[in-house]
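Read in order, the letters of the sequence shown are residues 59 to 397 in my numbering. Cβ atoms here follow ideal geometry from the backbone N, Cα and C, with glycine treated the same way. I have placed the structure first, in the form of structure tokens, so that the comments after it can refer back to it.
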Amino acid sequence: MNERDNIKKALSEIIDPSIDQAFKDTDAIRYIGIETEDDKKTIVLIVGIGKEDDKTKQKIKRSIAKVIKLDLGYQGLKVEFEPLKKKDSILDESKTIKYIGVASGKGGVGKSTVAANLAVAMHRIGKKVGIIDADIYGSSIPTIMDMEITSPKVDKEEKIIPFESHDIQLISTEFFLKKDQPLMWRGPMLGKMLNHFFYDVKWADDIEYVIVDLPPGTGDVAMDIQKLIPECEMIIVTTPHASASHIAVKAGFAARELKHNILGVVENMAYLNHAGETLNIFGEGGGKTVADKLNTDVLQRIPIGQPKSGHHSIFDMSEEIGVTYLGLANQLLKAIEQK
């Protein structure tokens, strides 16, 4: 059991009738962060609660402080509250949405391009698909999907209306920032943004699949995703190069550690077709290396190419790479729907 799990377990054992609801619900502890500065550890919590008044919130904070500071011995504590929002969200238990996470561990391997083209290919097969751009620091899905960046709108219930491109609903931090503005947030803000994407967006009722474009690495966002969608299926994206495959293996093992099922590996930028020759300009074997170490399969090897249709990164069915993505979509749907 890791440090965050120990904290969550300790908090779940708080016994007090007035705050019982806040901790018996496993969705209540929305975020657990650990900040270290000058050898001092501060626990940062975002807790989802009902419509408790300020007096009750103070009581909850005192109970949390007892556990964090006295029982567990941490020196610092920050607590923020968010209202519990279960119904009318993408996480509504009455819906049968299936989630596919796209991970790489390393930036620059084309993970977001794979996620976007996979979503479009699944739509071409007849599925209703959404995308959550969870690569919060390096969001690129709107650009890949040929979109202009505009501010989000809300409906009468103050739900965010998702954007749409290529008949795919999507949400991204890119829509919440000024053009070219860098995102400089610490862990708690990342958790808040993810909660907004899952709970506060007015997703279509008929969405069947949601592609989650994950950030590189194995940090806070990956762990938050595990809490939000523990049943998420995963694909791992790598290039043939040894440096990319080495990190992709770590991302795969991290996904396994978080109890996600790995559907397989996609080797992106696998080769270049040029003048009748196949050029392995990024090396060979990276996808197979990752698949072998994770005991899974290479689903597709996607060549290097640029769409000829005028799109930024979305390939048409008339193009070889577009057909390759269609094959990937069919493989994944078959694997998921046979479970």
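- Shortest Cα-Cα distance from Leu69 to any of Asp97, Ile101, Met375 and Ser371 involves Ile101.
- As the crow flies, the alpha-carbon of Ile320 is around 16 Å from that of Val268.
- Three or more beta-carbon pairs separated by less than 8 Å link the stretch 177-195 to the stretch 254-273, which places the two stretches in contact.
- Secondary structure at Glu335: strand, using DSSP grouped into helix, strand and coil.
- Of all alpha-carbon atoms in Lys217, Lys136 and Ser301, the one lying nearest the alpha-carbon of Ala262 is that of Lys217.
- In the structure shown, Asn326 adopts coil according to DSSP, grouped into three states.
- Looking at the DSSP output, Met205 sits in no beta bridge, so it has no partner there.
- In this structure, Tyr383 and Leu176 form a Cβ contact; the two beta carbons are roughly 6 Å apart against a cut-off of 8 Å.
- Taking a cut-off of 8 Å on C-beta distances, the stretch 158-165 does not touch the stretch 122-142, as fewer than three cross pairs fall below it.
- Within a 10 Å sphere around the beta-carbon of Ala328 sit 16 or more other beta-carbons, which makes this residue buried.
- According to DSSP, residue pairing for Lys98 in a beta bridge involves Glu95.
- Straight across, the Cα-Cα distance linking Thr296 with Lys169 is about 8 Å.
- For Ile118, the enclosing alpha helix (DSSP H) begins and ends at Asp112 to Ala123.
- Note: Tyr89 is bridge-paired with Ile104 in the DSSP secondary-structure output.
- In the displayed model, Met375 falls within coil according to three-state DSSP, outside both helix and strand.
- Assignment of Ser301 by DSSP, reduced to helix, strand and coil, places it in the helix class.
- Counting the other Cβ atoms within 10 Å of the Cβ of Leu128 gives fewer than 16, which makes it exposed.
- Closest in C-alpha terms to Gly363, from the list Asn326, Asn353 and Gly341, comes Asn326.
- Under the DSSP definition of a beta bridge, Thr347 lacks any partner.
- When the beta-carbon positions are compared, Ala333 and Gly163 stay at least 8 Å from each other.
- Assignment of Lys392 by DSSP, reduced to helix, strand and coil, places it in the helix class.
- In this structure, Ile107 lies away from His224, with their beta-carbon atoms at least 8 Å apart.
- Ranking Leu103, Ser303 and Lys99 by CA distance to the CA of Gln133 puts Lys99 first.
- Straight-line measurement puts the Cα of Gly380 at about 11 Å from the Cα of Arg182.
- At a Cβ-Cβ threshold of 8 Å, Leu149 and Leu286 count as neighbours.
- Between Leu316 and the set Gln116, Glu289, Gly322 and Gly196, the nearest pair of CA atoms involves Glu289.
- Here the alpha carbons of Asp374 and Ser367 stand approximately 7 Å from one another.
- In the DSSP annotation of this structure, Ile190 is not part of any alpha helix (DSSP H); the continuous beta strand (DSSP E) holding it starts and ends at Val187 to Asp191.
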